[in-house]
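What follows is a single structure, written as structure tokens, with notes after it.
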Amino acid sequence: MTTTADCIFCKIAQGQIPCKKIYEDEDFIAFHDINPRAPIHLLVIPKLHIESLQHVDASHRDLLGKMLVLAPQLAAENGASEGFKTLINTGPAGGQEVYHLHLHILGGRPTA
Ligand code: 5GP
Ligand code: ZN
């Protein structure tokens, strides 16, 4: 189980690990994925360490709503004018690699 101390995305959120940052506010930071799977591949993470979508509860409603509202704005600002795909991998069976909740935004060409 990942804790904030050894969480790579917490370190990015705290500025301890560099990233190609595209957005930041009091609750979120967004940056380019280090291993892009599409011409535009952005990650949006809450600054709050939540391990995965399996770890959310009602107290996270506003935060998660804000994250989804942010997605089309960041997609548009970063060139995904023809639409985009959003993805949240969750848990081992969901292919999650980094156990800090994050939203993928993929664009720039049709994705399967
Ligand atoms: P997951 O499979 O957990 O949904 O996706 C994790 C994503 O984080 C992967 O697409 C991976 O390329 C990206 N990633 C992992 N480590 C780093 C990093 O240090 N910096 C950035 N920018 N992206 C990372
Ligand atoms: Zn974290």
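Mapping the sequence shown onto the numbering used here, position 56 (from 1) lands on 56, and the numbers just tick up by one.
The beta-carbon is built from N, C-alpha and C at its ideal position, and this holds for glycine as well.
Supposed close pair residue i, residue j - CB separation, criterion 8 Å
i     : j     : result
Ile40 : Phe31 : Between Phe31 and Ile40 the Cβ distance is about 12 Å, and since that is not below 8 Å, they are no contact.
Phe28 : Leu70 : 6 Å
Ile45 : His60 : With 8 Å as the limit, Ile45 and His60 do not qualify as a contact, their Cβ atoms being about 13 Å apart.
Phe84 : Leu68 : Going by Cβ atoms, the distance from Phe84 to Leu68 rounds to 12 Å, so no, they are not a contact pair.
Coil, strand or helix - residue i by DSSP
i     : result
Lys21 : strand
Ala30 : strand
Met1  : At Met1 the pLDDT is 45, less than 50, meaning the model places this residue with poor confidence and gives no usable figure here.
Cβ neighbours of residue i in the same chain (closer than 8 Å, five flanking residues each side left out)
i      : result
His100 : Thr2, Cys7, Ile8, Phe9, Cys10, Ile45, His49, Ile50 and Glu51
His113 : As shown, the chain starts at 1 and ends at 112. That puts residue 113 outside it, with no answer to give.
Ile17  : Ile8 and Lys11
Asp33  : His41, Leu42, Leu43 and His104
Same chain, Cβ closer than 7 Å to residue i, five either side skipped, listed in chain order
i     : result
Val98 : Ile8 and Phe9
Contact set for residue i: own chain, Cβ-Cβ below 6 Å, skip 5 residues either direction
i     : result
Cys19 : Ile12 and Phe31
Gly95 : Asn89
Any non-hydrogen atom of the ligand FMN closer than 7 Å to residue i Cβ
i      : result
His100 : Absent from the structure shown: the ligand FMN. Ligands present: the ligand 5GP and the ligand ZN.
Task: 4-residue-minimum alpha helix (DSSP H) runs that sit fully inside the segment 46-98, ordered along the chain - done: For the segment 46-98, whole alpha helix (DSSP H) runs of length 4 or above, ordered along the chain, are 61-77.
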